[in-house]
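Structure first, then comments.
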Amino acid sequence: MKFFSLIILLWFATVPLGIAQKRAATAKVPPEIQTLKTMAYLTRYGHTHQDGLSFIQAARLLAKQPVEVIPNNQIEISLSDTSARLRQHPFMLNADTLLAWGRRLSQNNTAALTLADQVDWELGLRSRGRTEGPKTMAAQVKGGSSFATTWSFKGSEKAIVSVIGDGDNDLDLFVFDKHNNIIAQDDSHTDACEVQFTPSNKADYKIVVKNWGSSYSDFILITN
């Protein structure tokens with residue numbers, strides 16, 4: 052049954068975004084961004100259902116599509132604390148951490164552990180510290196509050212900013228320019244948001260995630 056649930060999860064993560072989640076933009080999303088979204092949904096499923104295979108599959112995708120993780124001192128992640136139910140941030144896209152969690156939750160699943168060994172070998176074929184590719188930041192926002200960060204974007208190139216939440220609350224996404232004008236927003240009623248815009252020049256933009264719920268929300272920010 053868990054296998055079929057994972058298949059359904061992967062379908063929702065890869066079908067056209069207009070069906071699987073809300074979005075404000077209509078242009079095609081690059082495959083590397085879609086791959087990263089799939090990884091995020093896999094890690095969220097793994098945390099929700101304590102499913103080791105989901106973590107291992109996410110690590111396998113990460114072996115093929117490296118990302119640059121933007122540090123966020125707001126979030127503390129333990130790489131070794133896997134002795135109890137995983138309560139860490141659900142969107143930690145670090146291959147070694149994902150494999151550790153996957154192995155811990157798959158101790159009695161020989162097939163999953165064999166896959167984990169294969170993924171570990173695949174990761175060894177590249178530098179674990181490679182940073183080209185999409186950028187991500189794991190974060191958290193209180194109920195009724197907003198999280199804000201500032202990112203720099205290149206001029207004359209399409210910028211994509213996505214948010215995937217933990218499934219608990221409605222999140223909205225806003226992008227502000229240096230004059231505090233909203234230049235892009237996704238404010239429909241789920242916790243999966245995406246906007247696209249094209250800066251005229253290289254500039255910094257403020258990214259704001261608003262939590263309309265009454266409890267904390269963990270989420271991941273993704274950009275190209």
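Sequential numbering of the sequence shown, starting at 52, is according to my numbering.
C-beta: ideal position from N, C-alpha, C; glycine also.
According to DSSP, residue pairing for tyrosine 256 in a beta bridge involves Trp202. According to DSSP, alanine 235 shares a beta bridge with Val226.
By the neighbour-count criterion, in which 16 or more other beta carbons inside 10 Å mark a residue as buried, asparagine 220 falls on the buried side. In the three-state scheme derived from DSSP, where H, G and I count as helix and E and B as strand, methionine 90 is classed as helix.
Contact between isoleucine 271 and isoleucine 211 does not hold, since the beta-carbon distance rounds to 14 Å and is not under 8 Å. For lysine 186, there is no enclosing alpha helix (DSSP H); the residue is part of the beta strand (DSSP E) that begins and ends at 186-192. If you check the CB distance, phenylalanine 106 and leucine 156 come in under 8 Å.
Of all alpha-carbon atoms in Thr200, Gln108, Asn123, Ala254, the one lying nearest the alpha-carbon of tryptophan 152 is that of Gln108. Fewer than three Cβ pairs drawn from the region 161-170 and the region 245-253 lie within less than 8 Å of each other, which leaves the two stretches out of contact. Looking at Ala114, Ser197, Ala189, Leu87, the one whose alpha-carbon comes closest to that of valine 259 is Ser197.
Counting every other CB atom within 10 Å of its CB across the protein chains shown gives asparagine 159 a total below 16, marking it as exposed. Fewer than three pairs of CB atoms, one per stretch, sit closer than 8 Å, so the region 260-267 makes no contact with the region 92-105. For leucine 272, the pairing in a beta bridge is given by DSSP as Met188, Val214. The C-alpha of leucine 113 lies about 12 Å from the C-alpha of lysine 186.
Within the same chain, Cβ atoms closer than 6 Å to the Cβ of methionine 188 are found at Ile121, Asn123, Leu272, the five residues on either side in sequence being excluded. For phenylalanine 106, there is no enclosing beta strand (DSSP E); the residue is found in the alpha helix (DSSP H) stretching over 103-115.
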